[in-house]
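Asker: When you read off a place in the sequence shown, starting at 1, and then add 10, the result is the number in the working numbering.
If you scroll down you'll find the structure; I have some questions about it.
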Amino acid sequence: MTSSQRDLSDPSTDPFDVAADAAAVIAERTGVDHHDVALVLGSGWGQTADLIGETLATVDNADVPGFHRAAVAGHSGSMRSVAIGDTGRRALVFGTRTHFYEGRGVRAVVHGVRTAKAAGCSTIVLTNGCGGLNPAWAPGTPVLIRDHINLTAHSPIEGANFVDLTDLYTPRLRDLAREVDPDLDEGVYVQFHGPHYETPAEVQMAKVIGGDLVGMSTSLEAIAARQVGLDVLGISLVTNLAAGISDQPLSHTEVLEAGKAAAERCGRLLAAVVGRL
Ligand code: 8IG
């Protein structure tokens, strides 16, 4: 079997081998065998990476082992190699992610994280669009992820491999983000399976168990990042108040609008943080 035919969903395939194959294709297509920082752009974050620096290469997801096209409107199906200002360092920017609700399995969800590690990255910035529980967070407010609660009942780690998740969201990186934007609040991100949004009762449950943000991504990726020793920075963009927190119904259009409105603040934040890593 050639490497491009290796299938993540085949249990006999080692997902780290597919990540190594993916990194080799990325190196070939971008002309550099090493990236320093990876970013995953979630809902509302699509335009924000442009401020980091010049895009030097764009690679279609469909050409990279283990990746596929975006399933969500408003997400792009490609990854980019971006110069980090004039530091000489490179960011590997994933324009989309695979969500758990797509049903491709956890390996597909965390494949970008493992590929980032195989491509040489030491840090990953995970961004998402989510619902907020704090009524003070107007749509368009970025919030640092301090910790998470994984309600998917799944783990990306296979086998009896007990990974410590204390300080999963690297404190040093959270401090750095707050130096850049002192008004940033922090919160606990609760990952639900989706793709439906929560009921108001589920949002109240998330609040009772210590959550501040509700979404459908990030936690599984952060766990996979910790397993391979990546530093993790998580930033949520509150694109809507969670169900029942306001009397407005939720819509994906609202999500896209809030992203556009917040692009500038979020872009400056990302660019400044990545420039100082
Ligand atoms: I954007 O309110 C976005 N993603 N689970 N709940 C969940 N995911 C989301 C939400 C939300 N908004």
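Just so it is clear, CB atoms sit at the ideal spot from N, CA and C, and this is done for glycine as well.
If you draw a straight line from the C-alpha of VAL173 to the C-alpha of PHE202, how long is it?
Answerer: A straight line joining the alpha-carbon of VAL173 with that of PHE202 spans about 21 Å.
Asker: Compute the Euclidean distance between the alpha carbons of LEU215 and ALA33, then round it to the nearest angstrom.
Answerer: Per the sequence presented here, residue 215 reads as Met, with Leu not at that position. The alpha-carbon atoms of MET215 and ALA33 are separated by roughly 40 Å.
Asker: Output needed for GLY141: all residues of its chain with C-beta closer than 6 Å, excluding positions within five of it in sequence on either side, in chain order.
Answerer: VAL224, ASN250 and ALA252
Asker: Does the stretch 228-242 come close enough to the stretch 148-166 to have 3 or more Cβ pairs within less than 8 Å?
Answerer: yes
Asker: Rounding to the nearest angstrom, what Cα-Cα distance links ASP257 and VAL198 in this structure?
Answerer: Rounded to whole angstroms, the gap between the alpha carbons of ASP257 and VAL198 is 23 Å.
Asker: If you draw a straight line from the alpha carbon of ALA118 to that of THR108, how long is it in whole angstroms?
Answerer: Taking C-alpha positions only, ALA118 is separated from THR108 by approximately 6 Å.
Asker: So what's MET89 in DSSP terms, helix, strand or just coil?
Answerer: strand
Asker: Return the CA-CA distance between THR263 and LEU240, expressed in angstroms with no decimal places.
Answerer: 34 Å
Asker: What do you reckon, is the C-beta of GLU208 under 7 Å from a heavy atom of the ligand 8IG?
Answerer: yes
Asker: Taking C-alpha atoms, which residue in THR97, LEU49, LEU143 and GLY150 lies nearest to GLU267?
Answerer: GLY150
Asker: I need the straight-line Cα distance from GLY113 to GLU189, nearest angstrom please.
Answerer: 39 Å
Asker: To which residues does DSSP link SER246 through a beta bridge?
Answerer: DSSP links SER246 through a beta bridge to ASN138 and VAL153.
Asker: Taking a contact to mean a Cβ-Cβ separation below 8 Å, would you say ALA48 touches ALA128 in this structure?
Answerer: no
Asker: Beta carbon of PHE202: closer than 7 Å to some heavy atom of the ligand 8IG?
Answerer: yes
Asker: Compare the beta carbon distance of LEU175 and VAL242 with 8 Å and say whether it is the shorter of the two.
Answerer: Result no, Cβ atoms of LEU175 and VAL242 do not sit closer than 8 Å.
Asker: By Cβ distance below 6 Å, which residues in the same chain neighbour GLN57 in space, the five residues on each side in sequence not counted?
Answerer: ALA273
Asker: With burial defined as no fewer than 16 other Cβ atoms inside 10 Å of the residue's Cβ, what is the status of PRO259: buried or exposed?
Answerer: Classification for PRO259: exposed.
Asker: Buried or exposed for SER13, please, with buried defined as at least 16 other CB atoms from any protein chain shown within 10 angstroms of its CB.
Answerer: Residue confidence is low: SER13 scores 47 on pLDDT, short of 50, so the model does not pin down where it sits. Its coordinate-derived value is still stated next. Per the 10 Å Cβ criterion, exposed.
Asker: Could you compute how far the alpha carbon of THR125 sits from the alpha carbon of VAL35?
Answerer: Each residue's Cα considered, the two are about 10 Å apart.
Asker: Would you kindly work out how many angstroms separate the C-alpha atoms of HIS9 and VAL248, rounded to a whole number?
Answerer: There is no way to answer for residue 9, as the model of the chain reaches only from 11 to 287.
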